[in-house]
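Asker: Just so we're aligned, residue 87 is where the sequence shown starts under this note's numbering, counting upward by one. A virtual CB, placed ideally from N, CA and C, is assigned to each residue, including glycine. Here the structure is a predicted model, which is why all the values come from computation and not from measurement. After the structure tokens below, expect a handful of questions from me.
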Amino acid sequence: MAMLSDRPHTALLVIDVQEGVVGEAFDRDPVVARIAALVDRARSEQVPVVWVQHADAGLQRGSAEWQYVPELTPDAAEALVHKSHGDSFEGTDLEDVLGAARVGRLVVAGAESDVCIRSTIHGAFTRGYDVTLVGDAHTSSDKSVWGAPPPEQVIAHTNLYWGHQTAPGRTAAVDLAAEVRLRGA
């Protein structure tokens, strides 16, 4: 149970699955397909879907690269959070959106594993949320030219350490898209 005991609900948080973010991402098509299936499941189970969309100097708001990929279409009734930092909570209304829906548990998918996914799952955890990372529904581009491991290793490492994350009164988990529970803990 989340430290946020007055928030019994779960939300699916879809982070930055935008043309300019996942265009060159590792395993892009299967990851996006799994995210689309999660969105469909969340909608059918009446679990809120919260969309996060990044913009900064390199990813201009309104540009073609800033748009969500065509395989994913946010519903007009679903929350859309605009951000300009890695952590989806920083400088945004995400906490207000989740509080209004009484969400205390997040199921997280999207991009990029080593930047916005990692920042957001840690940001949520330190704010008291239970956080399930969907292990096969996040991805990253190849940053090995700058000394980073290949993207498949970045994804595997993120899954490995998140599956062992602990803190009092909170849970961290990694589940595959086909097995993740969207309702309940």
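Enumerated in chain order, which unbroken segments of the beta strand (DSSP E) with a length of 3 residues or greater are wholly contained in the segment 205 to 248?
Answerer: 216 to 225
Asker: With a CB to CB cut of under 8 Å and the five nearest residues on each side skipped, what residues in its chain are close to H208?
Answerer: Along the sequence shown, read from residue 1 onward, the residue named residue 208 stands at position 122. Within the same chain, H208 has close Cβ partners D173.
Asker: Would you mind stating whether W248 and A263 have Cβ atoms separated by less than 8 Å?
Answerer: The residue labelled residue 248 in the question sits at position 162 within the sequence shown. The residue labelled residue 263 in the question sits at position 177 within the sequence shown. Result no, Cβ atoms of W248 and A263 do not sit closer than 8 Å.
Asker: Looking only at its chain, what residues have a beta carbon closer than 7 Å to the beta carbon of A122, apart from the 5 residues adjacent to it on each side?
Answerer: Numbered from 1 along the sequence shown, position 36 holds the residue referred to as residue 122. A distance below 7 Å between beta-carbons, with the five flanking residues on each side excluded, links A122 to the following residues of its chain, in chain order: E157, L158.
Asker: Does DSSP put L124 in a helix, in a strand, or in coil?
Answerer: Numbered from 1 along the sequence shown, position 38 holds the residue referred to as residue 124. Looking at L124 - three-state DSSP - the assignment turns out to be helix.
Asker: Is the beta carbon of A195 less than 8 Å from the beta carbon of A165?
Answerer: As a first step, residue 195 is located in the sequence shown; it is residue number 109 there, counting from the start. As a first step, residue 165 is located in the sequence shown; it is residue number 79 there, counting from the start. Contact flag unset, no.
Asker: In the structure shown, what three-state DSSP assignment does D261 receive?
Answerer: Here residue 261 refers to the residue found at position 175 when the sequence shown is read from its first residue. Of the three classes helix, strand and coil, the one that applies to D261 here is strand, per DSSP.
Asker: Where does T244 land, buried or exposed, given buried means 16+ other C-beta within 10 angstroms?
Answerer: Looking up residue 244 in the sequence shown gives position 158. Buried, by the Cβ-count rule.
Asker: What alpha helix (DSSP H) runs, 4 residues minimum, are completely inside the segment 94 to 122?
Answerer: 105 to 108
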